[in-house]
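S.K.: Numbering (numbering that gives the first Met the number 0), first residue to last: 0 to 389.
Note that beta-carbon positions come from the ideal geometry of N, C-alpha and C, so glycine has one too.
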Amino acid sequence: MYLTREQERLLRGDYGWAIAKAMELLVRVGDAVGAGELVEVKHAHVSGVSYSNIGKYGLDLITDFYRGGGRARVYTTINPGCIDYSGFSRIIDNRYYMEQRAIDNALVNMGFKPVFTCIPYYYRPPLPGEHLAWGESSAVIYANSIHGAYTNREGGPIALASSITGYTYKAGLHILDNRVGRIRVRLDPMVEKYPVGAIGLWIGENIREIPVLSGFKNMGFGDLKVLLASMAASGSHAIAIIEGVTPRKTFSLEIRDEVFIERGDLEDYIGPDVSSRDSVLGYIGCPHLHPFELLRVKNLVGKYGGVKRGGLLITIPPEYLTKFHDIVFYLKSRGVDIATGTCPVVSVFKQRYDVVLTNSGKAAFYLRRIHGLKTRISPLEEVVKYVCGH
Ligand code: F3S
């Protein structure tokens, strides 16, 4: 791989152990995927920071980078960890409090922004064509598809290495020629009323190339966020071309095939019916809620009169606790459980429920696989209505 003089100095260790290690990692991965050079990034988003996922090995790795002098050279945000920062949640277990705080302290001392959220684009919306190094598959696919930014789907160590060097390897979606939509995906009008989480899971699992989504532009951004996150969960997608949404000049089209998604395709992805004997947890906030979605949930909880059976969990960035204090207080007073800076997928449940009812295909996918829970996907309003409407 071609390196500039400055990059060679970074790799040689002239600026310390951590930067040299980070450069070595980027160059090795870049060489493995055939990258010819490194490219500067404007924003790194570091995922893989939840102690319940990365354990002691991950904690030690992050601490080593901190002690070895690693510091953010570019704007860097942090994904959710495994503890509820508000301490109010009755559902999320804070058993790894000390270990998670050790990870967070190392990251914050390295200069990373303590947003603890999977919606980094809320804090710094990327520009079309801007190079990023983001972990967190839901954020990556959102950045590429909605903002027209250029990022691969990175693991936590690569995003961290990019943060402290300011570079990533130029390959994959950093190259315009690789951002080519090849399969057009249309929705049967009957399917449009189906939960977008299930539609996303279907696309993720059944479409192998970059999909071109036709007729999706009237979906709200909250639904698109859930759709894209679900696609990235069940498949390896990092971009979808959404006609009328994805900025022009950040992709090209060579359509070879077209598929229609029909109602019958989605039943298996939605999950089994909920029985009246089941204890049900409604869950909204995967990916974390944007403020306009938080307001929508508040209005729905008000409309249906508060939580009356099972539970309703929402997950949001910690900052909302103070920024949207009135909404948070209102929701809590209506029986909603609020966890900040985390989510049930990357943490541990304190309470067991028979079924998790969620609008998120990503949450359903991982809660089934990792936590072995029964899940069902419903539109957001149906989730609120189920736990509040009786
Ligand atoms: Fe975010 Fe957790 Fe979902 S990190 S995308 S809320 S799995």
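Does DSSP classify residue 192 as helix, strand or coil?
M.R.: Helix, per DSSP.
S.K.: Relative to ligand 1, what is the chain-ordered list of residues with a Cβ closer than 7 Å to any of its non-hydrogen atoms?
M.R.: Any residue whose Cβ sits closer than 7 Å to a heavy atom of ligand 1 makes the list: 78, 79, 117, 135, 137, 228, 284, 285, 286, 287, 314, 342, 344, 345, 359, 361, 362 and 365.
S.K.: Quick one: grab the DSSP three-state call for residue 321.
M.R.: Looking at residue 321 - three-state DSSP - the assignment turns out to be helix.
S.K.: Give every residue of the same chain whose Cβ lies closer than 6 Å to the Cβ of residue 258, excluding the five residues on either side of it in the sequence, and list them in chain order.
M.R.: Hits under 6 Å: 184.
S.K.: Which ranges would you report for the beta strand (DSSP E) in the stretch 12–85 if only whole runs of at least 3 residues count?
M.R.: As far as the stretch 12–85 is concerned, its whole beta strand (DSSP E) runs of at least 3 residues are 37–39, 42–45 and 74–77.
S.K.: According to DSSP, is residue 373 helix, strand or coil?
M.R.: Strand, per DSSP.
S.K.: From this set, 376, 379 and 324, which residue's C-alpha is nearest residue 85's C-alpha?
M.R.: Nearest of 376, 379 and 324 to residue 85, Cα basis: 324.
S.K.: Where does residue 364 sit, in a helix, a strand or coil, going by DSSP?
M.R.: In the structure shown, residue 364 sits in a helix (DSSP, three-state: H, G or I).
S.K.: Could you check which residue in 187, 333 and 264 has the C-alpha nearest to that of residue 302?
M.R.: Comparing Cα positions, the closest option is 333.
S.K.: Ignore the nearest five residues each way along the sequence and tell me which others in residue 118's own chain have a CB closer than 6 Å to its CB.
M.R.: Same-chain partners within the cutoff: 286 and 287.
S.K.: Determine, using beta carbons only, whether residue 153 comes closer than 9 Å to chain D.
M.R.: Although the question refers to chain D, the structure presented lacks it and comprises just one protein chain.
S.K.: Compare the C-alpha of residue 409 against each of 93, 68, 106 and 385 and name the closest.
M.R.: Nothing about residue 409 can be read from this structure; the chain reaches only from 0 to 389.
S.K.: Out of 31, 36 and 157, which one is the CA nearest neighbour of residue 1?
M.R.: That would be 36, whose Cα lies nearest to the Cα of residue 1.
S.K.: Please confirm whether residue 254 and residue 293 have their CB atoms less than 9 Å apart.
M.R.: No, they are not a contact pair.
S.K.: Which complete beta strand (DSSP E) runs does the stretch 113–165 hold, if anything under 3 residues is left out?
M.R.: With a minimum length of 3 residues, the continuous beta strand (DSSP E) runs that stay inside the stretch 113–165 are 131–133.
S.K.: If you follow the beta strand (DSSP E) that residue 338 is part of, which residue opens it and which one closes it?
M.R.: Note, residue 338: beta strand (DSSP E), 336–339.
S.K.: Taking only three categories from DSSP, how would you classify residue 301?
M.R.: Here residue 301 sits in helix by DSSP.
S.K.: Under 8 Å by Cβ, that's how I've got residue 304 and residue 356 pegged, so tell me the actual separation to the nearest angstrom.
M.R.: With a Cβ gap of about 18 Å, residue 304 and residue 356 do not count as contacting.
S.K.: DSSP puts residue 312 in a beta bridge; with which residues?
M.R.: Answer is 282 and 336.
S.K.: Please state the DSSP three-state secondary structure of residue 98.
M.R.: Three-state DSSP puts residue 98 in a helix.
S.K.: I need the DSSP call for residue 253, collapsed to helix, strand or coil.
M.R.: In the structure shown, residue 253 sits in a strand (DSSP, three-state: E or B).
S.K.: From 155, 260 and 202, pick the residue whose C-alpha is nearest to that of residue 53; which is it?
M.R.: Selected option, being the one with the closest Cα: 155.
S.K.: For residue 104 and residue 232, I'd like the C-alpha separation in whole angstroms.
M.R.: Near 29 Å, if we compare the C-alpha coordinates of residue 232 and residue 104.
S.K.: Tell me which residue opens and which closes the beta strand (DSSP E) that residue 180 is part of.
M.R.: Run containing residue 180: 179–186, per the beta strand (DSSP E) assignment.
S.K.: Do the stretch 231–245 and the stretch 156–168 meet, that is, are 3 or more Cβ pairs less than 8 Å apart?
M.R.: Result no; under three Cβ-Cβ pairs closer than 8 Å.
S.K.: Residue 82 to residue 43, Cα distance in whole Å?
M.R.: One C-alpha to the other measures close to 22 Å.
S.K.: Classify residue 259 as helix, strand or coil using the three-state DSSP reduction.
M.R.: If DSSP states are grouped into helix, strand and coil, residue 259 belongs with the strands.
S.K.: Kindly examine ligand 3 and report whether one of its heavy atoms sits closer than 8 Å to the Cβ of residue 24.
M.R.: You won't find ligand 3 in this model; what it holds is ligand 1.
S.K.: Let's test the definition: count the other Cβ atoms within 10 Å of the Cβ of residue 143 and tell me whether it reaches 16, buried, or not, exposed.
M.R.: Residue 143 comes out buried.
S.K.: Identify every residue that forms a DSSP beta bridge with residue 357.
M.R.: DSSP output for residue 357 lists 282 and 376 as bridge partner(s).
S.K.: State the CB to CB distance for the pair residue 195 and residue 311, rounded to an integer number of angstroms; the pair is presumed to be in contact (CB under 8 Å).
M.R.: About 19 Å separates the two Cβ atoms, so there is no contact after all.
S.K.: In three-state DSSP terms, what is residue 343?
M.R.: Looking at residue 343 - three-state DSSP - the assignment turns out to be coil, as it is neither helix nor strand.
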